[in-house]
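Trainee: Starting off with a structure, shown below.
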Amino acid sequence: MLVHLSKRIQDLEHDHIQLEKWVVKRLSPDEFTEKYLPRAYEEAIRFLMSERYYAEAVFLYRRMLDEGLLPSSATNSTVMALSVAAAGASGSDLLKALEVTLTDPQYTESSLLQLLDFLAKLSLPSTLRVQVARRFVESRRAGYTPSMALVTRLVMLQAKDGLLRESLDWIARGNDDERPVATTRESGRLYKQLLSHLKTTNPDDSGAVDMILSHMKSNKVPVSTSVFNMLIAMQARRGAASQAFSLYNVLVEISKSQPLYPDSFTFGTLFSLTQSLRSPGNRNARRRRFKEAANVLPPRTLYQHLLHYGKRDIRTHVVTLSILNVALRTFLTMRDYAAAFVVVRTFPTLQLHPNRDTYYIVMKLLMDRIRYDLWQARNLNEARWGDHMLGINPADAPAITVDDSLAETVLAFGKQPIGRPIRMPTLAQIDNEEEIPAVDAFDALPLERILKRAILADMMLHGHTVALSSSVSSAIARAKEEMVTHPDIVLRKTDFRRKRRR
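Letter by letter, the sequence shown follows residues 51 to 552 of the working numbering.
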């Protein structure tokens with residue numbers, strides 16, 4: 051019947067009288083037996099309510115009463131709430147109207163949750179919805195414990211009203227000692243939802259965070275990695291690097307005695323935070339350098355931790371393609387090309403392949419620096435990194451046009467012959483202007499060659515003119531020593547010195 055009702059609503063959208071007549075005709079005793087007629091009315095009323103055909107729903111409700119049929123408590127409460135709200139009555143009037151229904155022992159939590167959804171649809175304030183739920187809970191018999199579904203609804207409603215302490219009290223009420231362990235996990239998820247709400251609405255409220263954590267401790271709800279991630283993300287959003295890394299260090303200490311480890315989200319947040327702190331093109335970042343706390347890990351050390359936990363807890367998939375791309379972006383933004391090279395070389399070692407995003411990150415950040423070097427005013431005969439990267443005379447730099455043709459030149463640095471076919475995207479594929487292959491996986495070697503040239507350009511910029519290939523190899527070796535210390539991760543050796551022909 052509901053399928054036909056939905057179609058009829060579309061056909062008679064602006065003709066409410068005809069719609070009522072059609073529904074009444076379909077709900078006649080000729081169509082349904084006496085046993086199923088009340089259920090048919092109920093389903094039709096609920097459907098009309100869900101479609102916001104309130105007048106038609108109330109009409110059916112009244113007709114149901116006229117037919118001598120008894121609506122359920124859920125339908126009674128919904129129609130009553132609608133009638134009171136439509137009359138513009140106050141919240142106290144609504145509570146009075148619902149008193150009998152809410153205190154009825156036969157009125158179920160499921161019906162209450164439906165009512166709360168409906169009150170939200172009527173845009174009634176969350177404080178009123180909490181009062182309705184409270185009245186229901188207060189009227190239950192001794193020993194009643196609200197379900198986690200109801201607790202969750204109340205917790206989030208009160209959190210939106212800034213009633214954090216009340217929200218925490220509801221979680222404690224739902225975390226009954228007689229419930230199974232699963233309830234403790236559900237409570238943990240609720241605390242996480244509260245932290246998530248706080249992160250969005252008021253990340254600077256450290257007192258609220260302390261209150262939540264203290265409440266978790268007193269109720270013996272274990273802190274999960276996801277909760278740590280939420281806390282770290284809140285501090286990162288504030289730019290509070292010291293606090294973010296303090297939380298990370300606590301997580302590291304816990305991991306020594308418990309199976310609770312940082313995951314890809316943890317490292318993604320910290321790499322992004324580090325990037326904002328150390329970006330050389332960011333004036334605010336340069337100012338923050340002087341205030342950087344001692345507990346803020348250098349990015350190379352953070353990468354070492356990433357590989358360590360990736361090997362230690364394989365189940366959590368800490369080292370993913372996505373997190374390697376985040377780390378790569380961080381090192382390239384910092385212009386630490388030797389570290390970026392080590393990240394790219396990690397890909398094949400971990401049986402991962404660079405994708406379009408990997409190539410885009412490398413090309414975008416290198417081209418941004420080239421563009422900056424070529425376009426900015428300079429002293430006479432001043433050589434810049436971009437000049438060395440492109441292999442041009444500084445005097446010719448002003449005449450260079452930064453366009454797709456120049457980007458093709460940079461991409462071609464990775465195309466040197468290596469004796470076997472290589473998979474690398476075209477510039478159009480990197481820019482998402484051309485469809486990439488079904489399997490978005492490319493070789494790492496072209497990126498290594500491009501980054502090798504970036505390292506060479508860096509060395510030439512800083513006055514290195516002798517044994518450049520050996521210097522590049524040494525720079526990469528130093529980065530590798532800092533970043534890859536796990537005994538099970540062995541990167542292939544790097545030697546860019548030209549081999550002598552026999």
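Glycine residues also receive a C-beta, built at the ideal position from the N, C-alpha and C atoms.
What residue range is occupied by the uninterrupted alpha helix (DSSP H) comprising G513?
Mentor: Run containing G513: none; DSSP gives neither H nor E here.
Trainee: Ordered along the chain, which non-local residues of its own chain (more than five positions away) have a Cβ less than 6 Å from that of N279?
Mentor: Excluding positions up to five away in sequence, the list reads F315, T316.
Trainee: Quick one: residues in its chain with C-beta nearer than 7 Å to the C-beta of M417, no 5 flanking neighbours on either side, listed in chain order?
Mentor: A457, V460.
Trainee: Are there three or more Cβ pairs, one per stretch, closer than 8 Å when the segment 444 to 453 is compared with the segment 471 to 480?
Mentor: These segments do not touch.
Trainee: Use the C-beta contact count for M299: other C-beta atoms within 10 angstroms, 16 or more gives buried, fewer gives exposed.
Mentor: The residue asked about is misnamed: residue 299 is Asn in this sequence, not Met. Result: exposed.
Trainee: In this structure, how does DSSP classify D324 when only helix, strand and coil are distinguished?
Mentor: The sequence shown places Thr at residue 324, rather than the Asp named in the question. Helix, per DSSP.
Trainee: Give me, in chain order, the residues of the same chain whose beta-carbon lies closer than 8 Å to that of T151; leave out the 5 immediate sequence neighbours on both sides.
Mentor: Around T151: S123, N126, S127, M130, Y157.
Trainee: Roughly how many angstroms separate the alpha carbons of Q293 and A343, rounded to a whole number?
Mentor: When rounded, the distance between both Cα atoms is 9 Å.
Trainee: Measure the C-alpha to C-alpha separation of M266 and D386 and round it to an integer number of angstroms.
Mentor: Approximately 41 Å between the Cα atoms of the pair.
Trainee: Looking at the secondary structure, which residues open and close the alpha helix (DSSP H) in which Y157 lies?
Mentor: Unbroken run through Y157: none, as it is neither H nor E.
Trainee: Spatial neighbours of V346 within its chain, please: CB distance less than 6 Å, with the 5 preceding and 5 following residues excluded, ordered by chain position.
Mentor: Result list for V346: A291, F295, in chain order.
Trainee: Specify the secondary structure class of A209 as computed by DSSP and reduced to three states.
Mentor: Of the three classes helix, strand and coil, the one that applies to A209 here is helix, per DSSP.
Trainee: Measure the C-alpha to C-alpha separation of L424 and L506 and round it to an integer number of angstroms.
Mentor: Roughly 18 Å between the two C-alpha positions.
Trainee: Applying the 10 Å Cβ sphere with the 16-neighbour rule, what's the burial state of K171?
Mentor: Exposed, by the Cβ-count rule.
Trainee: Rounded to whole angstroms, what's the CA-CA distance from S523 to V277? Just pull it up for me.
Mentor: Each residue's Cα considered, the two are about 42 Å apart.
Trainee: Go through the segment 290 to 316 residue by residue and report every complete run of the beta strand (DSSP E) that reaches 3 residues or more, in order.
Mentor: Within the segment 290 to 316, no complete beta strand (DSSP E) run reaches 3 residues.
Trainee: Counting only the same chain and skipping the five closest in sequence on each side, list residues whose C-beta sits under 6 Å from that of S160.
Mentor: Counting only Cβ-Cβ distances below 6 Å, and skipping sequence neighbours, we find nothing.
Trainee: Go to S276, then tell me how far its alpha helix (DSSP H) extends in each direction, as first and last residue.
Mentor: Note, S276: alpha helix (DSSP H), 275 to 288.
Trainee: So what's G441 in DSSP terms, helix, strand or just coil?
Mentor: Of the three classes helix, strand and coil, the one that applies to G441 here is coil, per DSSP.
Trainee: Classify R328: buried if its beta carbon has 16 or more other beta carbons within 10 angstroms, exposed otherwise.
Mentor: Buried, by the Cβ-count rule.
Trainee: Using three-state DSSP, classify L382 as helix, strand or coil.
Mentor: It is helical.
Trainee: For R179, does the three-state DSSP call read helix, strand or coil?
Mentor: Reduced to three states, the DSSP call for R179 is helix.
Trainee: When every heavy atom of the ligand NAD is checked, does at least one fall within less than 6 Å of the C-beta of M417?
Mentor: As for the ligand NAD, it is missing from this structure, which has no ligand bound.
Trainee: Leaving out five residues on either side along the sequence, give the residues of the same chain with a beta carbon under 7 Å from the beta carbon of Y554.
Mentor: The chain is shown only over 51 to 552; residue 554 falls outside these bounds and no answer can be derived.
Trainee: For the alpha helix (DSSP H) containing T408, list its first residue and its last residue.
Mentor: Counting along the chain, the alpha helix (DSSP H) containing T408 begins and ends at 406 to 425.
Trainee: Rounded to whole angstroms, how far is the Cβ of Q181 from the Cβ of G212, which I believe are closer than 8 Å?
Mentor: Contact flag wrong, Cβ pair sits at about 16 Å.
Trainee: Measuring only the C-alpha atoms, how far is V540 from L400?
Mentor: The straight-line gap from Cα to Cα measures roughly 10 Å.
Trainee: Where A488 and S173 are concerned, what is the direct C-alpha to C-alpha distance, given to the nearest angstrom?
Mentor: Spanning the two alpha carbons is a distance of roughly 47 Å.
Trainee: Since L244 and I262 should fall inside the 8 Å C-beta cutoff, what is the C-beta to C-beta distance between them, to a whole number of angstroms?
Mentor: Going by Cβ atoms, the distance from L244 to I262 rounds to 6 Å, so yes, they are a contact pair.
Trainee: Would you call the CB atoms of K361 and H536 closer than 7 Å?
Mentor: The answer is yes: Cβ separation under 7 Å.
Trainee: Around the Cβ of H358, are there at least 16 other Cβ atoms within 10 angstroms (buried) or fewer (exposed)?
Mentor: With 16 or more other Cβ atoms within 10 Å, it is buried.
Trainee: Helix, strand or coil for M318? Go by DSSP, reduced to three states.
Mentor: The question names Met, but residue 318 is Gly in the sequence shown. G318 falls in the helix class under three-state DSSP.
Trainee: Exposed or buried, which one is K502 when buried takes at least 16 other CB atoms within 10 Å?
Mentor: K502 comes out buried.
Trainee: Starting from G141, trace the alpha helix (DSSP H) both ways and give me its first and last residue.
Mentor: First-last of the alpha helix (DSSP H) with G141: 141 to 152.
Trainee: Cα-Cα, which of V452, S520, T202 is closest to D414?
Mentor: The sequence shown places Lys at residue 414, not Asp. When each option's Cα is compared against that of K414, the closest is V452.
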